[in-house]
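K.L.:
Structure below; questions to follow.
2 protein chains.
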Amino acid sequence: MAVAYERIADELRTAIRAGRLGPGDRLPAETRLAERFGRSVPTVREALRALQDEGLLEKRHGVGNFVRRRRTRARRTNLRHQWEKDRARAPLERRAQTGATEHDTGLHVDDLVFRARYREVAAPAAVAEVLGVPEGTVLLERSYRTRCAAEHAPFSLVTSYLVHDVIAGNPALLDERNEPWPGGSQSQLHSVGIEVDRVEEHVTARPPAPEEADELELPPGTSVLVLRKVSYATDGRVVDVSDVILPGDRTELVFTTPLERW
Amino acid sequence: MAVAYERIADELRTAIRAGRLGPGDRLPAETRLAERFGRSVPTVREALRALQDEGLLEKRHGVGNFVRRRRTRARRTNLRHQWEKDRARAPLERRAQTGATEHDTGLHVDDLVFRARYREVAAPAAVAEVLGVPEGTVLLERSYRTRCAAEHAPFSLVTSYLVHDVIAGNPALLDERNEPWPGGSQSQLHSVGIEVDRVEEHVTARPPAPEEADELELPPGTSVLVLRKVSYATDGRVVDVSDVILPGDRTELVFTTPLERW
DNA sequence: GAGTGGTCTAGACCACTGT
DNA sequence: CAGTGGTCTAGACCACTCC
């Protein structure tokens, strides 16, 4: 507490938490705050930076410092997997109507812009281990971006890995121009005779890398959720590994675990 | 790229990613870096700060700047809920042996230090809504901290809310001195005739508040996972709402979703 | 053009760490 | 004690936003 910038940060933080400074409110100019606290401008800026790192403040160049508003959230539930499985064998027209993202967000197909990029890569050690194949095995790496037509930033950054030989039986699966595939991944896997038995999702969190912050248009003071989705076939094989980067402040992951009755 | 500190940060970041600077390596002194890049010390510090915010760097006062090492992870799977339910009606001695935390971490009861604090509170709006009770209803607020005996920082910060009247039938449930309750929450609820039907977990991520960083001993440049666990009874009522704060760099949440067979 | 935040300097002094 | 990072100043100039 002996430190000047911490004293300033504390005072402002308290004001924000107590609601004396509400969401969207503008703070006094930095020079003004410096006068009021009897400190230099850089010291005040240090305090503001701390608050920004905590996600409490939003800086707008040339405009001012504002109390951050909470962003609206997008949900992603694990019910989507059963939902997608149920649709995987449905008639084409029904599958084409909506995908799992529409299911989660409640948006229409027309509201969404979808982009896929395919690439053949040699399996890096970390992915090979999960897929249960030797390092260097040929994989199909698929990158997906989905965004609201009205917005600029995508919901998530998705990279999916499939074993090339496993899906090569259906050449249509190797061409990114067939995306978005009606019915999603499970429908794709079904086309080469694979039934997904269970999905495992591993979740951690960390600050975004600069490229991620850039592409997801994340303001400073936010985190990303890192989700690794592993799909198991009915024979126990791992058939898909997907890494998903989600904006932590806009995304709510929901997992429902049903329990056996007594 | 026109900006000096970004150029410096980029160069160091590239070196780290390429492995020219490996985990644990010490960087040259800040004054030395300033010379090398032909910039002032504060400018160099700005660059180092950016890298620290990304979780790439660890500053040690009086020692130096180091490339951050990855911390070992603790897992928390959603299988714990069924596991806990199975034990809820088991004989006392079996219940006393291990709890869900032991199940997740693979540690023994003796390795863990447990602390609980109970408090009666009036339901705040946000919690009341989830519990489906009027605002201001009397709740039992339970705060938990569990840590490794050998370590200082707890695994997580847990705050659980129960409706007072619902559990008052068993006065033992109102006394924190009865914690840790053998068999955990589901066993406690079972003692007042409640069977948990399903558990819903909502996950987001954000930077830690200073108090959280303090208590969990989080270094700068880390995020927290925010998990809200909602337990539903077989009659559809919400019987428990728990908020859990977990260190994002040390925790891996694992959710398994089984799918119905075709 | 007025007002805001963004970057940067050059140097001072303090606090911490390890020998 | 020497070397390191931590804090702070006073002021300069640039870049952006909005009127």
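Sequences listed follow chains A and B, in order. To convert a position in the first sequence, counted from 1, into this note's numbering, add 3. To convert a position in the second sequence, counted from 1, into this note's numbering, add 3. Every residue gets a Cβ at the ideal spot worked out from N, C-alpha and C, and that includes glycine.
Along the beta strand (DSSP E) that carries P261(A), what are the first and last residues, could you check?
P.N.:
Against the first sequence, residue 261(A) aligns to sequence position 258. Note, P261(A): beta strand (DSSP E), T254 to P261.
K.L.:
Whose Cβ in chain A lies nearer than 8 Å to the Cβ of K62(B)?
P.N.:
Within the second sequence, numbered from 1, the residue matching residue 62(B) stands at position 59. Ordered by position in chain A, no residue passes the 8 Å Cβ test against K62(B), which lies about 14 Å from the chain.
K.L.:
Buried or exposed, going by whether 16 or more other CB atoms sit within 10 Å of the CB of R48(B)?
P.N.:
Taking the second sequence and counting its residues from 1, the one referred to as residue 48(B) is at position 45. Buried is the call here.
K.L.:
Is the CB-CB distance between R180(B) and S146(B) below 8 Å?
P.N.:
Against the second sequence, residue 180(B) aligns to sequence position 177. Against the second sequence, residue 146(B) aligns to sequence position 143. No, the pair does not count as a contact, with Cβ atoms beyond the cut-off.
K.L.:
At 8 Å on the CB atoms, spell out the chain A contacts of W86(B), in chain order.
P.N.:
Working through the second sequence from its first residue, we reach residue 86(B) at position 83. Result: empty, since nearest Cβ-Cβ is about 10 Å, beyond 8 Å.
K.L.:
Flag P210(B) as yes if its beta-carbon sits less than 8 Å from any beta-carbon of chain A, otherwise no.
P.N.:
In the second sequence, residue 210(B) corresponds to position 207, counting from 1. Yes - at least one Cβ of chain A is within 8 Å of the one on P210(B).
K.L.:
Quick one: measure Cβ to Cβ for V130(B) and V244(B), integer angstroms, because I've assumed they're closer than 8 Å.
P.N.:
Start at 1 with the first residue of the second sequence, and residue 130(B) comes out as number 127. Start at 1 with the first residue of the second sequence, and residue 244(B) comes out as number 241. With 8 Å as the limit, V130(B) and V244(B) qualify as a contact, their Cβ atoms being about 6 Å apart.
K.L.:
Give the DSSP-derived three-state secondary structure of H84(A) in the structure shown.
P.N.:
In the first sequence, the residue the question calls residue 84(A) occupies position 81. If DSSP states are grouped into helix, strand and coil, H84(A) belongs with the helices.
K.L.:
What does the alpha-carbon distance come out to for the pair L160(A) and D252(A)?
P.N.:
Position 157 of the first sequence holds residue 160(A). Position 249 of the first sequence holds residue 252(A). So the two alpha carbons sit approximately 15 Å from each other.
K.L.:
Does the beta carbon of E218(A) come closer than 8 Å to any beta carbon on chain B?
P.N.:
The residue labelled residue 218(A) in the question sits at position 215 within the first sequence. Chain B, which has no Cβ nearer than 8 Å to the Cβ of E218(A), makes this no.
K.L.:
Determine whether the beta carbon atoms of L262(A) and Q85(B) lie at a separation below 8 Å.
P.N.:
As a position in the first sequence, residue 262(A) is number 259, starting the count at 1. As a position in the second sequence, residue 85(B) is number 82, starting the count at 1. Contact flag set, yes.
K.L.:
Please work out which residues of its chain come closer than 6 Å, Cβ to Cβ, to G172(A), disregarding the five sequence neighbours upstream and downstream, and give them in chain order.
P.N.:
Numbered from its first residue, the first sequence carries residue 172(A) at position 169. Same-chain partners within the cutoff: V195.
K.L.:
If you scan the stretch 52-114 of chain A from start to end, which runs of the beta strand (DSSP E) of 3 or more residues do you find wholly inside it?
P.N.:
Runs found: 60-63, 67-70 and 77-80.
K.L.:
Give me the residue from D13(A), T17(A), R16(A) and R73(A) with the minimum Cα distance to P222(A).
P.N.:
By 1-based counting over the first sequence, the position of residue 222(A) is 219. Ranking the options by Cα distance to P222(A), first place goes to R73(A).
K.L.:
Should V141(B) be labelled buried (16 or more other beta-carbon atoms within 10 Å of its own) or exposed?
P.N.:
Here residue 141(B) refers to the residue found at position 138 when the second sequence is read from its first residue. Exposed: under 16 other Cβ atoms inside 10 Å.
K.L.:
Between R16(B) and L51(B), is the Cβ-Cβ spacing less than 8 Å?
P.N.:
Residue numbering aside, residue 16(B) sits at position 13 when the second sequence is read from its first letter. Residue numbering aside, residue 51(B) sits at position 48 when the second sequence is read from its first letter. Not closer than 8 Å, so no.
K.L.:
So is R209(A) buried or exposed if we call it buried at 16+ other beta carbons inside 10 Å?
P.N.:
In the first sequence, the residue the question calls residue 209(A) occupies position 206. Under this definition R209(A) is a buried residue.
K.L.:
When we look at the beta-carbon of R90(B) and count the other beta-carbons within 10 Å, is it buried (16 or more) or exposed?
P.N.:
The sequence position of residue 90(B) within the second sequence is 87, counting from 1. Flag for R90(B) reads buried.
K.L.:
Chain B partners of N81(A), CB-CB under 7 Å?
P.N.:
By 1-based counting over the first sequence, the position of residue 81(A) is 78. Here the neighbours are F258 and T260.
K.L.:
Mind checking if W184(B) is an interface residue toward chain A, Cβ cutoff 8 Å exclusive?
P.N.:
Mapped onto the second sequence, residue 184(B) falls at position 181. Closer than 8 Å: no.
K.L.:
So with CB distances below 9 Å, who are the chain A contacts of D252(B)?
P.N.:
Start at 1 with the first residue of the second sequence, and residue 252(B) comes out as number 249. Near D252(B) (Cβ distances below 9 Å), the residues of chain A are T207, A208 and R209.
K.L.:
Helix, strand or coil: how does DSSP classify P137(A) here?
P.N.:
On the first sequence, position 134 is the one that residue 137(A) refers to. It is coil, neither helix nor strand.
K.L.:
What runs of the alpha helix (DSSP H), each 4 residues or longer, lie entirely inside the stretch 171-219 of chain B?
P.N.:
Taking only runs of at least 4 residues, the alpha helix (DSSP H) segments lying wholly in the stretch 171-219 of chain B are 187-193 and 213-218.
K.L.:
Which residue from H205(B), E96(B), V166(B) and L177(B) puts its Cα closest to that of L134(B)?
P.N.:
One-based indexing of the second sequence puts residue 134(B) at position 131. If we check each option's Cα against that of L134(B), V166(B) comes out closest.
K.L.:
Rounded to whole angstroms, what is the Cα-Cα separation between E144(B) and P174(B)?
P.N.:
As a position in the second sequence, residue 144(B) is number 141, starting the count at 1. As a position in the second sequence, residue 174(B) is number 171, starting the count at 1. For E144(B) and P174(B), the distance between alpha carbons rounds to 15 Å.
K.L.:
Please classify G239(B) as buried or exposed, where buried requires at least 16 other C-beta atoms within 10 Å of its C-beta.
P.N.:
Counting from 1 along the second sequence, the entry for residue 239(B) is found at position 236. Its Cβ having fewer than 16 others within 10 Å, G239(B) is exposed.
K.L.:
Quick one: what's got a C-beta closer than 8 Å to E33(A)'s C-beta in the same chain, skipping five residues either side?
P.N.:
Taking the first residue of the first sequence as position 1, residue 33(A) is located at position 30. So the list reads V44, V47, R48, L51 and N68, once near-sequence residues are dropped.
K.L.:
If you follow the alpha helix (DSSP H) that R20(A) is in, where does it begin and where does it stop?
P.N.:
Working through the first sequence from its first residue, we reach residue 20(A) at position 17. It spans A7 to R20 - the alpha helix (DSSP H) in which R20(A) sits, taken as one unbroken run.
K.L.:
Does DSSP put L36(A) in a helix, a strand or coil?
P.N.:
Walking along the first sequence from the start, residue 36(A) turns up at place 33. Three-state result, L36(A): helix.
K.L.:
Could you give the DSSP three-state label for A131(A): helix, strand or coil?
P.N.:
The residue you call residue 131(A) lines up with position 128 of the first sequence. A131(A): helix per DSSP, three-state reduction.
K.L.:
Give the interface partners of R201(A) over in chain B, defined as CB-CB distance under 8 Å, in chain order.
P.N.:
The sequence position of residue 201(A) within the first sequence is 198, counting from 1. Correct list: T259, T260, P261 and L262.
K.L.:
Taking its Cβ as the centre, do 16 or more other Cβ atoms sit within 10 Å of R79(A), making it buried, or is it exposed?
P.N.:
Position 76 of the first sequence, counting from 1, holds the residue named residue 79(A). R79(A) comes out buried.
K.L.:
Does S226(A) have its Cβ less than 8 Å from a Cβ in chain B?
P.N.:
As a working note, residue 226(A) is residue 223 in the first sequence. Answer yes: the Cβ-Cβ gap between S226(A) and chain B drops below 8 Å somewhere.
K.L.:
Would you kindly report the start and end of the unbroken beta strand (DSSP E) that includes R29(B)?
P.N.:
For the purposes of this step, residue 29(B) is taken as residue 26 along the second sequence, with counting starting at 1. Here R29(B) belongs to no beta strand (DSSP E), and DSSP marks it neither H nor E.
K.L.:
So, does the CB of E204(B) fall closer than 8 Å to a CB anywhere in chain A?
P.N.:
By one-based count along the second sequence, residue 204(B) stands at place 201. Cβ-Cβ to chain A under 8 Å: yes for E204(B).
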